[in-house]
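>
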Amino acid sequence: MRHDGKEQANRRTFLKFAGAGGLAATAGCLGLGGSGGGGDGPDKIVFGQPAAQTGQWDFLQPGVSQATDAAVKHINDAGGPLDADFEVVRRDTAVKPQEARSVVTQLVENDDALALLGLFSSEINPLFDFLQEQKTPVVTPWPGSNFLDTRGGDHGTPENLDDDEWVWRTVISDTVHTAGAAKRALDQGHSRVGVINGNTEGARSWADGFVNAYEEGGGTVAEQVEVSQGSSSYQSALSRLFEADFDAFAVSIPLEDAITLLGDWADGGYGRQPILSDPLAQDELPKQVGSALDGAWAASPGDAGPSYDTFESEYNSVDGDAEINGWTAPAWDATQVAALAIERAGEASREAVEKNLGPVTRGEGTEVASFEEGKEALADGDEIVYRGAATAATFTNFGNVFGSVTINEANGGSFSTIETIPAEELRQFVSEDEY
Amino acid sequence: MGLAQNVVFGLVTGSYIAIAAIGFTLIYGIVNMINFAYGEYLTIGAFVGVLSAGMLPLPLPVAALVAMAGGGVASLVLARAFFTPINDTGPVPMLLTSIGLGLALRNLIRLTGGRSARYFDTETATYRFDGLPDLAVGPVDLLGDLFVTSEQLVVVGSAVAVFVVLHAMLTRTDVGIAMRAMGDDESLARVRGIDTQFIRDSVWVVAGVLAGLAGVLIGIQTNVSSSTGFSHILQILAAAILGGAGSPYGAIAGAYVIGLVLALSTAFLPAGMTGISTAVAFFILVVVLLVKPSGIAGQEVREA
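Quick mapping for you: the protein sequence lines, in order, are chains E and D. Its first residue numbered 23, the first sequence is counted upward by one per residue in my numbering. Its first residue numbered 172, the second sequence is counted upward by one per residue in my numbering.
This is the structure:
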């Protein structure tokens, strides 16, 4: 066989192309050219969504999933962040910390998610240190826990990641809406209340927030009873609670337990004014408990953000008929704001998202109601300020938002909004340096 | 609300725990295994009941009978499929198999039954007993303002019916007498010509029927979900052990002790500690077992 120069050159050329092709293919398999590498112009950008597809809060997930899906569609219709295909991978945590830890690892390690659009208080609080180690922004619509009032966010220094705590939430804290519940209870003349709450982090957090605000407002808590969730009967606990003298009683426990508990309350004929925690403003509750619940009310995070109409229109344009709840609009905001952070950064990396979450929501700039408007403004070289659907979505230094509170009352088997308490009236309950 | 009202609550709780605990303890006493999948038999029965009542729709008593039949069939089929083949391998493989089966069943029910809770459509009536004489003793009000609901009466009435039928079965029927004989000494029972496999199958059916009934009774008070049985298995286990594992009469006594402790501890624990009533029930279990390791009605084990 002859080995002239031309043949050798051809073979080298072939090997070069084959090698380059193989390297490119291997890089694709290894994710080197994917969304997590931080290179310009990724083909695909992935966010993760730890979700409550099963478990005691699963009745709230359909609305959040539909809002997220609507946001994904909207963002892709607008060209996607950095013109890439945008995708949200959803995995079930059942709102259990151990499963949440596993899901977060999968989303970060396997799915290459640049941001996480979920996690409840019950998961974030015990996993807080673990989440810091992931160095992946968690922009979640769920947690009301006052644990996060002084944790999370960028501490007002977006470019400096050293002081960041990587958790942001687009829903108002329990501290804010329990203040609304306490204010309304006091406005109604209820100077003494009883409190009955479940024994999980979320149920306790609501009760603690309500008790603090109520007592600061001058009210007296006559009795507080904590119950084990999942019980077949709450009558002994109710018997204990109603031995005390009070005008109204606050209930903080997941929906299925609340149906049993308030069914026992109705059967026992205990009477007095029920005040419900915000997750209980679901029509299933009065439907199952019956007319005894008429007049019961819940103070929920308000849907009074400047961009609510934009959200609602997009929400109704996607498949699904999930009921809008207090976490639905915040889920839209979480997705929008994280996508805008990537667009502003000009690169697809977790650090880029973290550095830009604050700047796209605070300060001066063109006010935008959606990713589409934000992408256009950024392309024009403007700074942007996202104005959200649930709240204005202006992140505090601790990654929190502030907003109004709506009062939803049960009557005739369903809840309806009867009053909105503006955010300004609740600011006195929340110190700026502690939120 | 006083002591008497909480005793009523405790008796109601004890009643449905007792029905389930009898089935659990029969399996232990006669098949000689701790069946951790037993909670899922409750769930199966509860789902059969709620679907029968809601979709067919059948009246609640008929739906309960269908649920009992469903529980019995499920129990027998699962036993034949998973436990009978390893019957001679000893208690540990049987225990591990039951744990695995329980996990598989729970997730299967979750997948097929959906994640939402389901409810029986019941009309609740509350009966009050305000006219009773006030027998207050010191600060304790024994009978003032007592109430009971129609569902609670159904639960207690069902339990009493089960106890009567069970007693009749164990003392008056050939199958029941053979069950007791097998529980005492299986080898001797076999020598005496008892068809031990038939008796085992009978135990599985009876336990499943009781689980189905207990599932429906829990369901009419709360709801039916994939975790219905799992959330009660520890109470059932505690009642069976407290009563003396293997003793149906002991299981009844143990269940009422657990029910009363749950109700009274919630009512009288210091404020802020009422959420640990289940832990108190287990504390009582430990105390009783320290005093009487064989349980309330268990037979003492004698050294050879």
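All C-beta atoms in this analysis are idealised placements derived from N, C-alpha and C, irrespective of residue type, glycine included.
When DSSP labels each residue in this structure, what does Pro545 of chain E get in the three-state scheme?
Outside the modelled stretch of chain E, which goes from 23 to 457, sits residue 545 of chain E, for which no answer is possible.
> What does the alpha-carbon distance come out to for the pair Ser335 of chain E and Phe420 of chain E?
If I take the Cα positions, the gap works out to 31 Å.
> Among D:Leu276, D:Ala438, D:Ala330, D:Phe253, whose alpha-carbon lies nearest the alpha-carbon of Met265 of chain D?
Among D:Leu276, D:Ala438, D:Ala330, D:Phe253, the Cα nearest to that of Met265 of chain D is on D:Phe253.
> Taking a contact to mean a Cβ-Cβ separation below 8 Å, would you say Gly410 of chain E touches Thr162 of chain E in this structure?
No, the Cβ-Cβ distance between Gly410 of chain E and Thr162 of chain E is not below 8 Å.
> Kindly indicate which residue of D:Ile198, D:Val221, D:Ile404 has the alpha-carbon position closest to the one of Leu236 of chain D.
Of the candidates D:Ile198, D:Val221, D:Ile404, the one whose C-alpha sits nearest the C-alpha of Leu236 of chain D is D:Val221.
> Since Val340 of chain E and Asp91 of chain E are thought to touch, with beta carbons under 8 Å apart, how far apart are those beta carbons, to the nearest angstrom?
Confirmed, about 5 Å.
> If we call anything under 8 Å between Cβ atoms a contact, is Arg372 of chain E one with Lys157 of chain E?
Yes, the pair counts as a contact, with Cβ atoms nearer than the cut-off.
> Ala250 of chain D CB to nearest chain E CB: under 8 Å?
Answer no: the Cβ-Cβ gap between Ala250 of chain D and chain E never drops below 8 Å.
> Going along chain D, which residues have a C-beta under 8 Å from Glu245 of chain E?
Residues of chain D passing the Cβ test: Ala442.
> Do the stretch 361-376 of chain D and the stretch 413-429 of chain D meet, that is, are 3 or more Cβ pairs less than 8 Å apart?
Segments in contact, no.
> Identify, in the order they occur along the chain, each residue of the same chain with its Cβ nearer than 6 Å to the Cβ of Ser186 of chain D, setting aside the five sequence neighbours on each side.
Val326, Val327, Ala330, listed in sequence order.
> Got a sec: which bits of the stretch 382-394 of chain D sit with their beta carbon under 7 Å from any beta carbon on chain E, in order along the chain?
For the stretch 382-394 of chain D, which is checked against every Cβ of chain E, the residues closer than 7 Å are Ile389, Gln392, Thr393, Asn394.
> DSSP has Leu138 of chain E in a bridge; who is on the other side?
DSSP lists E:Gly70, E:Val160 as partners of Leu138 of chain E.
> How many angstroms separate the CA atom of Val215 of chain E from the CA atom of Asn132 of chain E?
Those two C-alpha atoms are separated by around 49 Å.
> Please confirm if Thr445 of chain D has its CB atom under 8 Å from at least one CB of chain E.
Chain E contact via Cβ: present.
> Tell me whether Gly466 of chain D is buried or exposed, calling it buried when 16 or more other Cβ atoms sit within 10 Å of its Cβ.
Buried.
> Can you tell me whether Asp316 of chain D is helix, strand or coil according to DSSP?
Coil, per DSSP.
> Should Pro72 of chain E and Ala344 of chain E be called a contact, given that it needs their Cβ atoms to be closer than 8 Å?
No, these two residues do not count as a Cβ contact at 8 Å.
> What are the uninterrupted segments assigned as alpha helix (DSSP H) that are 4 or more residues long and contained completely in the stretch 205-243 of chain D, given in chain order?
Taking only runs of at least 4 residues, the alpha helix (DSSP H) segments lying wholly in the stretch 205-243 of chain D are 209-226.
> Under 8 Å: do the stretch 386-406 of chain E and the stretch 326-333 of chain E share three or more Cβ pairs, one atom per stretch?
Taking 8 Å as the limit for Cβ pairs, the verdict is that the stretch 326-333 of chain E does touch the stretch 386-406 of chain E.
> Of the choices E:Trp79, E:Val452, E:Asp65, whose alpha-carbon is the least far from that of Ala280 of chain E?
Per the Cα distances, E:Trp79.
> I'd like to know if the stretch 437-444 of chain E and the stretch 399-408 of chain E are in contact, where contact means that at least 3 CB-CB pairs between them fall below 8 Å.
Because the criterion of three Cβ pairs below 8 Å is not met, the stretch 437-444 of chain E and the stretch 399-408 of chain E do not touch.
> Please list, in chain order, all residues of the same chain as Arg289 of chain D whose beta carbon is under 6 Å from its beta carbon, the five residues on each side excluded.
If we look at Arg289 of chain D and ignore the five residues flanking it on each side, its Cβ neighbours are Val221, Val395.
> Rounded C-beta distance between Ser227 of chain E and Gly166 of chain E? I'm assuming under 8 Å.
About 6 Å separates the two Cβ atoms, so the contact holds.
> At the level of alpha carbons, what is the spacing between Leu456 of chain D and Ile215 of chain D?
When rounded, the distance between both Cα atoms is 28 Å.
> Name, please, each residue of chain D whose Cβ falls closer than 9 Å to the Cβ of Val249 of chain E.
Simply Thr437, Thr445, Gly446, Ser448.
> Under 8 Å, Cβ to Cβ, is there at least one residue of chain D near Ser258 of chain E?
Answer yes: the Cβ-Cβ gap between Ser258 of chain E and chain D drops below 8 Å somewhere.
> Measure from the alpha carbon of Trp476 of chain D to the alpha carbon of each residue in D:Ala240, D:Gly173, D:Ala234, D:Val451, then state which is nearest.
In the structure as shown, chain D starts at 172 and stops at 475, and residue 476 of chain D therefore has no counterpart that could be examined.
> As a quick exercise: from D:Gly417, D:Leu440, D:Thr437, D:Ala438, pick the residue whose alpha carbon is nearest that of Asn206 of chain D.
Cα-wise, what sits closest to Asn206 of chain D is D:Gly417.
> Can you tell me which of E:Val110, E:Gln246, E:Pro159, E:Pro180 puts its alpha carbon nearest to the alpha carbon of Ala225 of chain E?
Ranking the options by Cα distance to Ala225 of chain E, first place goes to E:Gln246.
> Cα separation between Leu431 of chain D and Gln257 of chain E?
Going from the Cα of Leu431 of chain D to the Cα of Gln257 of chain E covers about 13 Å.
> Compare the C-beta of Thr367 of chain D with all C-beta atoms of chain E and state if any pair is closer than 8 Å.
For Thr367 of chain D, the answer is no, since every Cβ of chain E falls outside 8 Å of its Cβ.
> DSSP three-state label for Thr297 of chain D, please.
Looking at Thr297 of chain D - three-state DSSP - the assignment turns out to be strand.
> Is the CB of Arg289 of chain D under 8 Å away from at least one CB in chain E?
Not one chain E Cβ lies under 8 Å of Arg289 of chain D.
> Using the DSSP secondary-structure output, state which residues sit across from Thr439 of chain E in a beta bridge.
Answer is E:Asn430.
> When you compare only the Cα positions, how much space is there between Ala296 of chain D and Thr260 of chain D?
Answer to the nearest angstrom: the Cα atoms are 51 Å apart.
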